[in-house]
Amino acid sequence: MSKSLQAIRGMNDILPEQTPLWRYFEGTVARLLDNYGYKQIRMPIVEFTELFKRSIGEVTDIVEKEMYTFEDRNGDSLTLRPEGTAACVRAVLEHGITGGGQVQKLWYIGPMFRHERPQKGRYRQFHQIGLEVFNLDGPDIDAELIIMTWRLWGELGIRDAVKLELNSLGTSESRGRYREALVEYLSAHHDKLDEDSQRRLKTNPLRVLDTKNADTQAVLVDAPKMADYLDDDSRAHFEGLKARLDAVGIPYVLNPKLVRGLDYYSKTVFEWVTDKLGAQGTVCAGGRYDGLVEQMGGKPTAGVGFAMGIERLVLMLETLEQIPEEISRQVDVYLCAFGEEAELAGLALAERVRDQLPNLRLQVNAGAGSFKSQFKKADKSGALYALILGDDEMAQQVVGFKPLRGQGEQQSIAWDALAAHLATCVVQG
Ligand code: ATP
Ligand code: MG
């Protein structure tokens, strides 16, 4: 195939054999969020470039080198969203739904775009489920976000394979004081830092903390510790969060080097990480951003949120073989009809059954075919039962009911009794 007819590198088709698992995952999360009282919001995929520069920060990896930015026909600079928080804050401000201290507990789902090096668990179009809470400033809501994800891992059967890492970044003032101390220390060891860290020291010094370079890591051993610079309020907030996690029995590890890639975080930051996916180990990450709404032109508004990477979590389910059996079977019953008259009767019969059993997954054979070929298709569909309409059945106004997975003999069922019979043998999702 010529190059222009291929998908863009790092942007993937999700094929029909994969979508059942995606839908299972998305459905599980959506139900959980509904049950905890979160409401869905849907934002556009494209926003003004300025939005991301202002919220994410000019000197972050995302804004410096990962955004898909282009000029539209009006000459406006637009960007495919690299994350959801900025657009969500823009939306709540634009519609005034956080004004007067109104609490909003919101979630969203959809594609995000970053020009990164594609590899397992890292793509250029990827999908997130994200969540943002506005106007609640206590540790109780930080705890709720983590408790909710903990429940999700439990429901998905992957709880043993993830680990919670926690840190507090303090307020922007305490972080500022820490940043100064860190810069002073690192500047004194400038020559021992790797090139990237030398650059970050000037632009975004906290990011030096999560360097992968061993020499720089050695320098960091004796660096000032963020925990020693926390203000009282942040310290109390962090203690409050830990007490709640302890009360529910959620294990965590404190990671003083966890700073997150984006500029806007304050106080709580957390990541759920796994060692099952190789280098791309973070499956869900978030934190508090009490200064962001103001930074974007709103009134001071507390905010906290997280985002999880759907590709990485789907990969986890596959890797750990936590795929529920029922999601791979998509057909309950397959109807075969032989001859024109039977085909017409079959169509009408199928619609009557669907009226009575709206959740039944009933597939009607299309494209006619011999007895043998229709049977083969019925079997291949994964259906539990085949329904058969031939000359004999038509004459008697019955349908042949044939178990396909070895659960007994074929029987004849009267047309009027078919729905009731199916209701007894097919568990409907
Ligand atoms: P990483 O450190 O892996 O690059 P990040 O800190 O850039 O992640 P966030 O911006 O916090 O990620 O996004 C939240 C989640 O979205 C991540 O924890 C991850 O699961 C997922 N994610 C981020 N970037 C990608 C990507 N390029 N491809 C697939 N999933 C991603
Ligand atoms: Mg990243």
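In terms of the numbering used here, the sequence shown opens at residue 6 and continues consecutively.
Think of the CB as a built atom: it goes at the ideal place given N, C-alpha and C, for glycine as much as any other residue.
Quick caveat, the model's predicted, so the values are computed rather than measured.
Contact annotation: L174 and V264 have beta-carbon atoms nearer than 8 Å. Nearest C-alpha to R122 among G115, P116, F131: F131.
Annotation for Q130: the continuous beta strand (DSSP E) segment containing it runs 130 to 139. With respect to the C-alpha of I152, the residue from M313, G254, A186 having the closest C-alpha is G254.
Within the chosen limit of 7 Å, the ligand ATP reaches the beta carbon of A290 through at least one heavy atom. Taken from the Cβ of A312, at least one heavy atom of the ligand ATP lies inside 7 Å. Separation of L297 and N17 (C-alpha to C-alpha, rounded to the nearest whole angstrom) is 32 Å. In the DSSP assignment, the residues bridged to M313 are I134, C289. The Cβ neighbour count for E323, taken over all protein chains shown within 10 Å, is under 16; the residue is labelled exposed. The beta carbon of R240 sits closer than 8 Å to the beta carbons of S173 from its chain, once the five residues preceding and following it are set aside; these are given in chain order.
For E121, there is no enclosing beta strand (DSSP E), as DSSP marks it with neither H nor E. Put simply, of G351, K385, S386, D384 the residue whose alpha carbon is nearest the alpha carbon of A419 is G351. By the CB criterion at 8 Å, L409 and D384 fall inside the cutoff. In this structure, DSSP gives G411 a state outside helix and strand, which the three-state scheme calls coil.
Counted as a single uninterrupted DSSP element, the stretch harbouring L365 is not any alpha helix (DSSP H), since DSSP gives it neither H nor E. Residue side-chain check: R119 places its Cβ nearer than 7 Å to a non-hydrogen atom of the ligand ATP. Shortest Cα-Cα distance from D77 to any of F53, E69, V224 involves F53.
A distance below 8 Å separates the beta carbons of Q133 and G89.
In this structure, A307 keeps its C-beta atom at 8 Å or more from the C-beta atom of F118. Assignment of beta-bridge partners to A391 by DSSP yields Y339, K407. Listed in chain order, the non-local C-beta contacts of V319 below 7 Å within the same chain comprise L26, W27, F30, local neighbours out to five positions each way being set aside. Between the ligand ATP and E316, a heavy atom-to-CB distance of less than 7 Å is present. The stretch 32 to 108 contains, as complete alpha helix (DSSP H) runs of 4+ residues, the segments 54 to 61, 90 to 99 (chain order).
Rounded to the nearest whole angstrom, the C-alpha separation of Q361 and T429 is 13 Å.
Taking 8 Å as the cut-off, the Cβ atoms of L389 and V358 do not count as close.
Of the residues V309, D280, P305, the one whose Cα lies closest to the Cα of G291 is V309.
Nearest to C289 by C-alpha distance, out of S82, Q416, L150, is L150. Membership of L171 in the beta strand (DSSP E) is indicated by the continuous run 167 to 173.
In this structure, V51 sits near L83, with a CB-CB distance shorter than 8 Å. Rounded to whole angstroms, the Cβ separation of Y270 and R293 is 7 Å, and the two are in contact under 8 Å. The Cβ-Cβ distance between L394 and A342 falls below 8 Å. Residue state for G374 is assigned as coil, using DSSP reduced to three classes. Bounds of any alpha helix (DSSP H) do not take in Q416; it lies within the beta strand (DSSP E) bounded by 416 to 419.
Taking 8 Å as the cut-off, the Cβ atoms of L161 and Q327 count as close.
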